[in-house]
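So the sequences go chain by chain: A and B.
When we follow this note's numbering, the leftmost residue of the first sequence carries the number 599, and every step to the right adds one.
When we follow this note's numbering, the leftmost residue of the second sequence carries the number 4, and every step to the right adds one.
We treat Cβ as the ideally placed atom computed from N, Cα and C, and that holds for glycine.
What you are looking at is a predicted structure, and each value in this text was computed from that prediction instead of being measured.
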Amino acid sequence: MAVVTKEYNGSGPTASTITHLKHRANDTYANDATNPIPKPAATGYGWWKTIGLYADAGADIYSDIKIYGGAPSPAWTGATLHIGDETSDTYDQATGTVDGSGDEIVANHDQVTAKTDFFSTYTSLNMKTVGLTGGVATLGPLGSPQRISKYVFMQLTVTSSVSAGSLSNGTIYWRYSVTS
Amino acid sequence: MIHDFDTHYWLARTPDGWISAEDHASYEPAFQRANRIRIEPLTSDAARAILDADIPPGYTAFLRTDQYRHMNGTLVRWGYALAVERGEWSDPGREPIGGFEFQGKESPWVGLPIRDGFRAELCCWDGQVAFEASPNFSFTVTKEADCDLYKFFKVE
Chain A
599 MAVVTKEYNG
609 SGPTASTITH
619 LKHRANDTYA
629 NDATNPIPKP
639 AATGYGWWKT
649 IGLYADAGAD
659 IYSDIKIYGG
669 APSPAWTGAT
679 LHIGDETSDT
689 YDQATGTVDG
699 SGDEIVANHD
709 QVTAKTDFFS
719 TYTSLNMKTV
729 GLTGGVATLG
739 PLGSPQRISK
749 YVFMQLTVTS
759 SVSAGSLSNG
769 TIYWRYSVTS
Chain B
4 MIHDFDTHYW
14 LARTPDGWIS
24 AEDHASYEPA
34 FQRANRIRIE
44 PLTSDAARAI
54 LDADIPPGYT
64 AFLRTDQYRH
74 MNGTLVRWGY
84 ALAVERGEWS
94 DPGREPIGGF
104 EFQGKESPWV
114 GLPIRDGFRA
124 ELCCWDGQVA
134 FEASPNFSFT
144 VTKEADCDLY
154 KFFKVE
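This is the structure we're talking about:
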């Protein structure tokens with residue numbers, strides 16, 4: 599009964615298991631150097647990301663899903679990872695200019711009305727409650743593999759002071775309870 | 004149910020005898036008839052701790068595994084949480100009870116309010132046991148084989 603992180607892309611959307619959340623200048627999930635976010639004259643954005651916690655079929659019951667950043671926070675200059683304040687079961691495909699800036703999430707995402715600096719705010723001492731698919735209090739046993747969390751929306755913001763090249767990795771954790 | 008990652012498992016004494024995670028889930032009605040619950044190591048390299056609690060009449064027991072999973076899929080931390088609270092719930096296995104928030108040496112319980120009962124979690128990443136309770140519950144620590152035995156009980 600594996601529990602994994604899925605990234606959701608495209609209009610469908612298509613769900614893909616990820617091990618890294620690669621911020622890019624396109625609506626794709628690959629963890630490679632293509633579609634880098636260009637260094638902006640003032641402020642630019644990666645295309646927003648949609649992720650969720652996903653579980654195999656099985657007898658377990660899930661509850662209390664939260665997300666937070668690992669310590670220490672990544673020492674990024676000119677770059678900030680934001681998380682949408684809202685989580686949702688409604689998907690909204692990322693938009694922007696391929697190999698240019700993504701569209702800013704608060705202004706353009708149907709579900710997100712505010713955003714928060716993820717690594718500075720959500721730590722093991724202050725996790726963000728994500729919620730379960732469908733807004734239920736607990737979910738399971740699962741008859742088939744499915745997304746168990748609501749969609750979580752994230753976006754990398756970069757400024758003119760950002761360093762060239764790939765940023766160092768930050769760490770993102772899920773915390774949840776299982777009744778089994 | 005016992006998973007590949009499990010280092011401990013639960014046993015529950017019911018009026019019909021002992022049942023365990025080997026062939027039951029803790030959300031089954033049989034578990035709710037338990038008057039004693041133990042969480043024991045499965046393997047020799049597991050944290051050497053046992054949780055043992057008597058469930059007084061009129062109280063409900065909740066068992067959860069708290070999991071901390073890296074985005075890359077790796078399970079980095081897990082703990083076995085036992086909550087006992089006075090009252091009846093129609094489906095306790097489906098009650099979102101929350102959990103401990105580990106803040107250094109402080110580990111406040113954030114979830115189902117503790118009015119008359121206790122919360123305990125065996126933290127498998129460091130072998131420690133977090134505990135929070137109403138004044139009428141306490142615990143002792145003794146030795147059982149090579150394990151620390153945490154016995155939780157109601158103070159009469």
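Beta carbon proximity, residue i to chain B, threshold 8 angstroms
i       : result
A653(A) : no
T603(A) : yes
I681(A) : no
V776(A) : yes
D662(A) : yes
W772(A) : yes
L723(A) : yes
T736(A) : yes
L619(A) : yes
I703(A) : no
I746(A) : no
H769(A) : First, the amino acid is wrong: residue 769(A) is Thr here, not His. Yes, contact with chain B.
I659(A) : yes
Residue i at chain A interface by Cβ criterion, 8 angstroms
i       : result
Y83(B)  : no
D129(B) : no
H73(B)  : yes
Q35(B)  : no
L66(B)  : yes
Y62(B)  : no
G90(B)  : no
F121(B) : no
F105(B) : yes
D151(B) : no
R97(B)  : yes
S29(B)  : yes
D69(B)  : yes
H6(B)   : yes
G102(B) : yes
Of the listed residues the options, nearest to residue i (C-alpha basis)
i       : options                               : result
S764(A) : D690(A), R622(A) and T736(A)          : R622(A)
T688(A) : T603(A), G610(A) and Y771(A)          : G610(A)
R41(B)  : D7(B), I22(B) and K157(B)             : I22(B)
A762(A) : T675(A), Q691(A), A712(A) and K604(A) : T675(A)
D625(A) : A705(A), T711(A), Y720(A) and D690(A) : D690(A)
F642(A) : A692(A), I659(A) and E702(A)          : This sequence places Gly at residue 642(A); Phe is not what is there. Residue E702(A) is the option with its Cα nearest to G642(A).
V750(A) : N767(A), V734(A), W772(A) and L737(A) : W772(A)
W112(B) : R89(B), E43(B) and A133(B)            : A133(B)
E684(A) : I635(A), G738(A), T693(A) and F716(A) : F716(A)
E1(B)   : E98(B), S137(B), A24(B) and E43(B)    : Beyond the ends of chain B as shown, which are 4 and 159, falls residue 1(B); an answer cannot be given.
Y12(B)  : A28(B), Q131(B) and G20(B)            : A28(B)
K637(A) : S758(A), S775(A), I649(A) and V728(A) : S758(A)
G768(A) : A673(A), G700(A) and T731(A)          : A673(A)
C127(B) : D94(B), P95(B), K157(B) and A49(B)    : A49(B)
K591(A) : D697(A), Q753(A), G656(A) and S722(A) : For residue 591(A) there is no data in the structure shown, the boundaries of chain A being 599 and 778.
I770(A) : G650(A), A613(A), G733(A) and N633(A) : G650(A)
T46(B)  : F8(B), G120(B) and V79(B)             : F8(B)
Per DSSP, the bridge partner or partners of residue i
i       : result
R67(B)  : A84(B)
E605(A) : S614(A) and I649(A)
K157(B) : F140(B)
Y771(A) : Y666(A) and H73(B)
T721(A) : N724(A)
D630(A) : Its beta-bridge partners do not exist; DSSP assigns none.
Rounded distance between the beta-carbons of residue j and residue i, thought under 8 angstroms
i       : j       : result
A52(B)  : L115(B) : Between L115(B) and A52(B) the Cβ distance is about 23 angstroms, and since that is not below 8 angstroms, they are no contact.
Y720(A) : G667(A) : 6 angstroms
T755(A) : A705(A) : Contact flag wrong, Cβ pair sits at about 12 angstroms.
L14(B)  : E43(B)  : 7 angstroms
L152(B) : D55(B)  : 6 angstroms
T777(A) : Y30(B)  : 5 angstroms
A161(B) : T10(B)  : A question about residue 161(B) goes unanswered here, because the residues of chain B that appear run from 4 up to 159.
Neighbour flag for residue i against chain D, beta carbons, 8 angstroms
i      : result
G76(B) : Chain labels in this structure do not include chain D; the protein chains are A and B.
| said: Going residue by residue through the segment 643-707 of chain A, where are the continuous alpha helix (DSSP H) segments of at least 4 residues, counting only ones entirely within it? | reply: 703-706
| said: So within the segment 8-79 of chain B, which uninterrupted alpha helix (DSSP H) runs reach at least 4 residues, ignoring any that extend past its ends? | reply: 32-35
| request: Counting only runs of 4+ residues fully inside the segment 91-137 of chain B, write out the alpha helix (DSSP H) ranges in chain order. | output: none
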